[in-house]
Amino acid sequence: TGLADPAPILNVLINHRYLAMRFRLDGVVTVVDAVNGPATLDTHAEALRQVIAADRIVLTKTEIAQDTEAVAALRRRLGELNPGAAILPADAPAQALVGAGLYDLADRPGELRQWLAAETLEASHDHQHDQDGHGHHHHHDVNRHDASIRAFILTAEEPIRRATFELFWTLLRSTHGPRLLRLKGLVALAEEPEAPLLVHAVQQILHPPIQLSAWPDSDRRSRLVLITRDLDEAVVARLWSAFLGRAAPAEVGSHAGHHHG
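Read left to right, the sequence shown gives residues 126 to 386 (our numbering).
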């Protein structure tokens, strides 16, 4: 689509009454040119949004890129912008590009965990900070080109009511909507703790949530991964804590991303 913002297109596919009856969004595939991609990401906000919205990223022209370190840096950058997205080569088979949506992920626990990227973010946090086992909010700063974009994770040990999550999302969207780039996660429901809710939003567009028949692994916590722009993790963490009815996380310096619940 060139330099189109994907969110309005997704909004039509998901929320248009007649289209939603006839079509189901499988996923978003973004093609990134290994030669020109870094400059495009630097100069076009739409390109950043396309990468962050992607379920699959196809990296092209790697065979003609002269600077292998630049290609490696681009791969790292894409992974930081969109933790959990699969990065595929240009000759990837068609079947690797489809089946990327929530409906398919619900039946593939391993791929669901990769898509969620919670483990990646928590491992990154463990590497950067000493852990005491009580942190509820972890963040991951991306490189200098995208310094205003953050990816972080919110967790809750106890199940929460579905209405509580829906209110949290509504308030987050209404208060910080333009700064939200992506949300994805699993929510442990108080109503049905063994059947978690799979949630996914691109910018302010929330996909219809899917209730899974079982957890994909032994971790029963609610886990929400957020990617934001010009929105500090601590602000979102305070809101999350308020909805969970627990003490707000302690304030920390701007250099750290560890807050105590």
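By construction, the Cβ of each residue, glycine as well, lies at the ideal position given by its N, Cα and C atoms.
Check                                                                                            : Outcome
Alpha helix (DSSP H) segments (min. 4 residues) lying fully within the region 152-202            : 162-168, 170-178
Exposure label - N207; buried when at least 16 CB within 10 Å                                    : buried
Segment contact flag, the region 280-288 with the region 310-321, C-beta cutoff 8 Å, min 3 pairs : yes
L364 versus L297 - alpha carbon distance                                                         : 8 Å
C-alpha gap between W240 and P334, whole angstroms                                               : 15 Å
Buried versus exposed, by CB contacts within 10 Å (16 or more), V137                             : exposed
Secondary structure of R304, DSSP reduced to three states                                        : helix
Rounded C-alpha distance that separates L351 from E244                                           : 13 Å
Three CB pairs or more closer than 8 Å across the region 163-170 and the region 178-191          : no
Segment contact flag, the region 355-362 with the region 300-308, C-beta cutoff 8 Å, min 3 pairs : yes
Presumed contact (8 Å Cβ cut-off) between I278 and L246, rounded CB distance                     : 5 Å
Candidates L308, R238, Q220, of which the one nearest V154 by Cα                                 : Q220
Environment of L292 [buried if 16+ CB atoms lie within 10 Å]                                     : exposed
Three-state secondary structure assigned by DSSP to S299                                         : helix
A326 - containing beta strand (DSSP E), residue span                                             : 322-327
Inter-residue CB distance, A231 and L337 (contact presumed, cutoff 8 Å)                          : 5 Å
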